[in-house]
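First up is the structure itself, then whatever we jot down about it.
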Amino acid sequence: MSLWSGVTNAKTPKLYKERFENLKKHLKNCLAVLSYLETNIILVKDLFVVAWACQYPHLRNLNTSQVESAHTYVKTFIKNSTGDLLTVFNSLAHAVDTQLNQIHESLGRDTVKTLVNVPKPFIPLLGCISTFAITMCLEQYEKLAHLHPTDPCSNTVTIGIGIPCAHWISEILGSNDALSPENFHSQWNLKYNPEITQNKESEVDLDDEMKKLTVALSSKDPNMLANILEQLNQIIAGTHMAVPIQAPEAKTKTKGRPDLKRKQTTSTKRNPSAYEIVEAKLKKDQIARSKRASKAPERLSASSA
Numbered sequence: 001m002s003l004w005s006g007v008t009n010a011k012t013p014k015l016y017k018e019r020f021e022n023l024k025k026h027l028k029n030c031l032a033v034l035s036y037l038e039t040n041i042i043l044v045k046d047l048f049v050v051a052w053a054c055q056y057p058h059l060r061n062l063n064t065s066q067v068e069s070a071h072t073y074v075k076t077f078i079k080n081s082t083g084d085l086l087t088v089f090n091s092l093a094h095a096v097d098t099q100l101n102q103i104h105e106s107l108g109r110d111t112v113k114t115l116v117n118v119p120k121p122f123i124p125l126l127g128c129i130s131t132f133a134i135t136m137c138l139e140q141y142e143k144l145a146h147l148h149p150t151d152p153c154s155n156t157v158t159i160g161i162g163i164p165c166a167h168w169i170s171e172i173l174g175s176n177d178a179l180s181p182e183n184f185h186s187q188w189n190l191k192y193n194p195e196i197t198q199n200k201e202s203e204v205d206l207d208d209e210m211k212k213l214t215v216a217l218s219s220k221d222p223n224m225l226a227n228i229l230e231q232l233n234q235i236i237a238g239t240h241m242a243v244p245i246q247a248p249e250a251k252t253k254t255k256g257r258p259d260l261k262r263k264q265t266t267s268t269k270r271n272p273s274a275y276e277i278v279e280a281k282l283k284k285d286q287i288a289r290s291k292r293a294s295k296a297p298e299r300l301s302a303s304s305a
């Protein structure tokens, strides 16, 4: 089994051929086993041998056991085979919700509870990258002590798992002092959510905006330019902000119980004196008598006729 494990873990096609030849020599007395491997297993080596399978992101799942484990997980929610279709669908939905809750719990735990006693280059990763990914990267970091600069890099760790390999870590530390979350695949980022569609923000053409601003300022009164530029500087500095000019609010007449309180007069005209009040009353009475006197002849002529 150790020879077969070496074949499946071969990181390059050349190393695969060498290890498979050693396996064939070991199985020279077991021709049936060797024939079975060559006719059924080796034909699909691209799907599980590291040299080919690790050229695609796989999260370390290079065998079919994950399918069997998923089947076992679903069976814990579907208790028997006699349930109706709706019951089965509800059980599957409950299984998916449970997995999502476990993922959110893991993300929250990795965000709050971070690793301790990590090397200095890994400090920027704490709270941003999954603890599992950081732990795997620490294993690659420990390989730097035995890494020879001339050793070729197969890129199986970087491509397959999405974390920096020992060769890449050596290059990063040669130019920078620490690793960054950008060095990891987005799947290991604690804030990564594939269900969110990220819209790219439109880039601002600074030259075009400056030209528009210059044209707008050139049409202003020269005496006002100093005040306008001062306001722009205040906005840029963040001490002030632009507020749109709003139209004055018109008082609306609301419905409701009328106000019985007598309104106070706001006119500047003085109140009439007692003499003026009496005179106005006499004048009013005189006009009324003259009207009655003028109507009396008309009544007499009408009655005589």
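Heads up, the sequence shown is in the UniProt record's numbering, so the first residue is 1 and it goes up one at a time. For glycine and all other residues, C-beta sits at the position ideal for the given N, C-alpha and C.
Looking at the structure shown, is Thr189 part of a helix, part of a strand, or coil, going by DSSP? At residue 189 the sequence reads Asn, which differs from the Thr that was named. Note: Asn189 maps to strand in three-state DSSP.
Cys165 to Ala178, Cα distance in whole Å? 14 Å
What's the gap between the Cα of Asn189 and the Cα of Pro181? 7 Å
With a cut-off of 8 Å on the beta carbons, I'd call Phe122 and Ala95 a contact; round off their distance for me. The pair is not a contact, with the Cβ atoms about 35 Å apart (cut-off 8 Å).
What are the start and end residues of the alpha helix (DSSP H) that includes Ser175? 166-175
Completely contained alpha helix (DSSP H) runs for the stretch 1-72, where each covers 4 or more residues: The alpha helix (DSSP H) runs of length 4 or more contained entirely in the stretch 1-72 are, from start to end of the chain, 2-8, 13-26, 31-36, 50-53.
Would you decide whether Arg292 is buried or exposed? Buried here means 16 or more other CB atoms lie within 10 Å of its CB. exposed
Relative to the C-alpha of Asn183, which candidate in Ile129, Leu144, Asn227, Asp221 has its C-alpha closest? Relative to Asn183, the option among Ile129, Leu144, Asn227, Asp221 whose CA is nearest is Ile129.
Assuming contact is defined by CB atoms lying nearer than 7 Å, are Cys54 and Gly162 in contact in what I supplied? No. Outside cutoff.
When burial is assigned at 16 or more other CB atoms within 10 Å of the CB, is Gln140 buried or exposed? buried
N- and C-terminal bounds of the alpha helix (DSSP H) containing Gln99: 85-112
Ignore the nearest five residues each way along the sequence and tell me which others in Glu142's own chain have a CB closer than 8 Å to its CB. none
From Met136 to Lys24, what distance separates their C-alpha atoms? 33 Å
Are the CB atoms of Ala51 and Thr114 within a distance shorter than 7 Å? no
Secondary structure at Ile245, three-state DSSP: helix, strand or coil? coil
Looking at the structure shown, is Ile236 part of a helix, part of a strand, or coil, going by DSSP? helix
CA-to-CA distance, Leu85 to His185, given in whole angstroms: Cα-Cα distance, rounded: 39 Å.
So, for Leu138: in the same chain, excluding its five sequence neighbours on each side, which residues have a beta-carbon less than 8 Å away from its beta-carbon? Val118, Pro119, Phe122
If I measure Cβ to Cβ from Tyr16 and keep anything under 8 Å in the same chain, skipping five residues before and after, which residues do I get? Val7, Ala10, Lys45, Val49, Ala51
Taking DSSP's pairing of strands, which residues face Ile129 in a bridge? Asn189
What do you get for Ala93, buried or exposed, if any count of 16 or more other CB atoms within 10 angstroms of its CB means buried? exposed
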